[in-house]
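Numbers 5 to 300, taken from our numbering, label the letters of the sequence shown in order. Think of the CB as a built atom: it goes at the ideal place given N, C-alpha and C, for glycine as much as any other residue. Please read these numbers as outputs of a predicted model, since none were measured by experiment. Below is one structure, written out as structure tokens, with a few remarks after it.
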Amino acid sequence: MELRHLRYFVAVAEALSFTAAAERLGVSQPPLSQQIRDLETELRTTLFVRTSRRVALTQAGAAFLDQARAILAQVEQASEQARAIGGGLCGTLDIGLTGSVLTGPLARLIRAYGLRYPEVTVRLHEMPPGEQQAALHGRRTDISFLRRPPEDPDLVAELAWPEPVGVALPQDHRLAAADRVALADLAGEPYLSLRLRDSPFARYLWGCCIEAGFLPRLTQQVVESASLVSLAAAGLGVALVPAQVGALAGPGAVYRPLADPAPAADVSAVYRAPPNAVTGNLLRLMRETRAPAVSG
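Structural data, given as structure tokens:
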């Protein structure tokens with residue numbers, strides 16, 4: 005039994021006419037009649053009473069009609085769902101990130117994605133960069149947003165948006181009144197950092213300090229970028245932070261851009277190639293709405 009048998013049967017049952025059903029289906033009547041006979045042979049029962057003047061359903065035919073309609077409806081529903089998933093119109097999108105990346109452009113991107121694809125469930129997974137790479141390989145996430153993407157031949161890294169680095173300072177710091185701060189001016193200052201062993205971005209900033217001519221005087225290491233601003237507000241040191249994090253500076257702390265040449269906190273979208281449909285739609289939307297450089 006094939007789906008066409010069910011469609012042909014339902015058409016005849018609803019029209020109670022082989023001629024009208026054939027016209028509705030766009031087929032000639034003899035093949036339609038043969039398909040119905042084949043179906044009855046397979047079922048080993050008569051579905052229609054045929055006379056020269058009318059066609060009527062048998063009791064078995066009436067019962068079969070209900071089931072045939074239900075099966076065809078289920079097939080149509082399954083087909084629509086498959087098309088929707090294949091087109092990225094529904095399903096689940098798992099995003100790996102760190103807390104500092106969620107502010108600003110990514111939050112706006114996720115909101116825009118939700119408005120365009122309301123049937124897709126977006127799940128955010130906050131984790132260290134190394135775990136994000138493993139999650140991508142393990143297919144636990146579909147895409148990650150990282151400031152320092154890994155050099156991984158199995159993953160694609162694409163610029164999501166540019167972002168500068170600035171410095172968070174205690175509000176009474178000697179450099180707090182400056183419009184811009186040279187990186188070398190931080191030599192000898194108590195240096196606050198993300199945990200170096202966990203953060204490629206923190207190691208990158210450390211290297212930038214060395215290139216500027218000084219070894220940072222490390223005093224505190226934390227897990228979250230927002231904590232760096234809080235520690236600066238407490239007068240415990242200075243911290244190099246992305247502009248979006250610096251914008252969170254509250255009472256007791258100030259954020260100042262760095263003078264050129266300054267480190268970059270650009271964010272990359274990292275994903276497996278080729279991306280699945282829901283990820284592909286996010287990437288297309290990201291490219292359409294790619295944020296300009298965040299002001300330092």
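Alanine 139 has its alpha-carbon roughly 23 Å from the corresponding atom of leucine 289. When only Cα atoms are considered, valine 245 and alanine 281 end up about 34 Å apart. Assigned with DSSP and collapsed to three states, proline 204 falls in helix. Taken in chain order, the unbroken stretches of beta strand (DSSP E) that lie wholly in the stretch 58-116 and span 3 residues or more are 59-61, 95-101. The stretch 86-103 and the stretch 111-131 touch, with three or more beta-carbon pairs separated by less than 8 Å. In chain order, Leu101, Thr102, Gly103 place their CB closer than 7 Å to the CB of glutamate 130, counting only its own chain and leaving out the 5 sequence neighbours on each side. Pairwise C-beta distances place the stretch 243-263 out of contact with the stretch 53-60, as fewer than three of them are shorter than 8 Å.
Proline 279 sits in coil when the DSSP states are folded into three classes, being neither helix nor strand.
Annotation: alanine 26 to threonine 145 spans about 50 Å, alpha carbon to alpha carbon. Per DSSP, reduced to three states, the secondary structure at glutamate 162 is strand. Contact annotation: leucine 51 and glycine 65 have beta-carbon atoms nearer than 8 Å. In the three-state scheme derived from DSSP, where H, G and I count as helix and E and B as strand, glycine 284 is classed as helix.
Rounded to whole angstroms, the gap between the alpha carbons of arginine 178 and alanine 206 is 24 Å. Bounds of the beta strand (DSSP E) holding proline 194 are 194-198. Shown here, proline 34 sits in a helix according to DSSP, grouped into three states.
Residue state for alanine 269 is assigned as coil, using DSSP reduced to three classes. Proline 194 is not a Cβ neighbour of valine 126, given a cutoff of 8 Å.
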